[in-house]
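Trainee: I have a structure here, written as structure tokens, and I will follow up with some questions on it.
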Amino acid sequence: MSSPGTLRRKGSQTKFAKAAGAIMHGIQSVSVKLERMTKLAKKKSLFEDPSRNIQELRFVVKEEITRLSDDIQALQNFQKQGDTFGGRHSRDHSTAIVKDLQIKLADTTKNFQGILALRTKNLQAQASRRKRYGDARHLSLRKREVNSFGKLGPEGKTHSQLMIQEQQRSKANEEYLMSRAETVQDIERMLNELGGIYEKVLNMVQAQGEVALNIHDNLVETKENMDSGVLELQKLYESVSSNRWLILKVFFVLILFAIFFTVFVA
Numbered sequence: 326m327s328s329p330g331t332l333r334r335k336g337s338q339t340k341f342a343k344a345a346g347a348i349m350h351g352i353q354s355v356s357v358k359l360e361r362m363t364k365l366a367k368k369k370s371l372f373e374d375p376s377r378n379i380q381e382l383r384f385v386v387k388e389e390i391t392r393l394s395d396d397i398q399a400l401q402n403f404q405k406q407g408d409t410f411g412g413r414h415s416r417d418h419s420t421a422i423v424k425d426l427q428i429k430l431a432d433t434t435k436n437f438q439g440i441l442a443l444r445t446k447n448l449q450a451q452a453s454r455r456k457r458y459g460d461a462r463h464l465s466l467r468k469r470e471v472n473s474f475g476k477l478g479p480e481g482k483t484h485s486q487l488m489i490q491e492q493q494r495s496k497a498n499e500e501y502l503m504s505r506a507e508t509v510q511d512i513e514r515m516l517n518e519l520g521g522i523y524e525k526v527l528n529m530v531q532a533q534g535e536v537a538l539n540i541h542d543n544l545v546e547t548k549e550n551m552d553s554g555v556l557e558l559q560k561l562y563e564s565v566s567s568n569r570w571l572i573l574k575v576f577f578v579l580i581l582f583a584i585f586f587t588v589f590v591a
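Now the structure itself:
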């Protein structure tokens, strides 16, 4: 029958395994979303705007990465609890799992930052092209207005009507550019937040590395102490052996002296 301590450790190991599996599944889910987001972010057409889909994805991904970071922190704290995992092999295994999850999340966060940077670059390029296109249309209209004032334009419209249409287009263009600028600002804020999450994960990875380094240092120190102890034991053994031979020699001399005294003197 298993002892209460053994049952408790098995329960803790099961809980740890389920939590680690859920985190791994979460990271994989984020990676799938990032692949989709990458395809959308690479689109540069002015007439096929994936902004809404990208915006939804980036908020979802950011929330999931934040939650996964907290989950890994909780898992690391759980893993560090005393003798929860029994022997050294189990503790080393759980430490390696936590570190692997931390590295995967750090890579995922870095990938997300790269996608957001690409999205920012494309937004700025689209806004620049849109602005150049709008300026060219406005200049063309002004030239036509000067050259043929009062004449009918295409579809029988006067230049006054064309100007009204152009003003409406200009207003729409300004709203478009403003929305792009706001989106870029949102992305920059999100990049700053992700930078904080990335640093947090790296600090956790570094802490795990320091734990492993401390374990290694302790093992080295223990081995050195053992080697030193063995050396001292060897010296003690040699000393005892030397003293034993000295005692035997003295005892042998005493026996010879006793025999000599008994035979020749007595």
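Quick note on numbering: the sequence shown equals residues 326 to 591 in the numbering used here.
Cβ coordinates follow ideal geometry from the N, Cα and C atoms, glycine included.
(1) Can you tell me which of H418, D374, K387 and E389 puts its alpha carbon nearest to the alpha carbon of Q401?
(2) Could you check the C-alpha separation between K435 and Y523 for me, to the nearest Å?
(3) Between Q380 and V530, which are expected to be in contact by the criterion C-beta below 8 Å, what is the C-beta distance as a whole number of angstroms?
(4) State the DSSP-derived secondary structure class of Q338, mapped to helix, strand or coil.
(5) Round the Cβ separation of I390 and V355 to the nearest angstrom and send it over; I've been treating them as touching at under 8 Å.
(6) Less than 8 Å between C-beta atoms, sequence neighbours within five positions excluded: which residues of the same chain meet that for V386?
(7) Can you give the Cα-Cα distance for K340 and L448, rounded to whole angstroms?
(8) Going by other Cβ atoms of all chains shown within 10 Å of its Cβ, with 16 needed for buried, is V526 buried or exposed?
(9) Cutting at 7 Å between CB atoms, please list the residues of its own chain near F403, excluding the five before and the five after it.
(10) So for K367, helix, strand or coil by DSSP?
(11) Among the candidates D432, R444 and I348, whose CA atom is the shortest distance from the CA of A366?
(12) If I follow the unbroken alpha helix (DSSP H) through E380, where does it start and stop?
(13) Evaluate S394 with the Cβ neighbour count: other Cβ atoms within 10 Å of its Cβ, from every protein chain shown; 16 or more gives buried, anything less gives exposed.
(14) Measure the C-alpha to C-alpha separation of G346 and K368 and round it to an integer number of angstroms.
Mentor: This is what the structure holds:
(1) Answer by Cα proximity: H418.
(2) Going from the Cα of K435 to the Cα of Y523 covers about 7 Å.
(3) Wrong, their Cβ atoms sit about 30 Å apart, outside the cutoff.
(4) The answer is helix: DSSP assigns Q338 an H, G or I state.
(5) The pair is a contact, with the Cβ atoms about 6 Å apart (cut-off 8 Å).
(6) Within the same chain, V386 has close Cβ partners V355, K358, L359, M362 and F437.
(7) A direct Cα-to-Cα measurement between K340 and L448 gives close to 45 Å.
(8) V526 counts as buried, since no fewer than 16 other beta carbons sit within 10 angstroms of its beta carbon.
(9) Shown here for F403: same chain residues with a beta carbon closer than 7 Å to its own, the five before and five after excluded, namely F341 in chain order.
(10) DSSP places K367 in coil when its eight states are reduced to three.
(11) Answer by Cα proximity: R444.
(12) The sequence given here has Gln at residue 380, not Glu. Where Q380 is concerned, the enclosing alpha helix (DSSP H) stretches over S376 to Q404.
(13) Counting C-beta atoms within 10 angstroms of its own C-beta, S394 has 16 or more neighbours from the protein chains shown and is therefore classed as buried.
(14) Cα-Cα distance, rounded: 34 Å.
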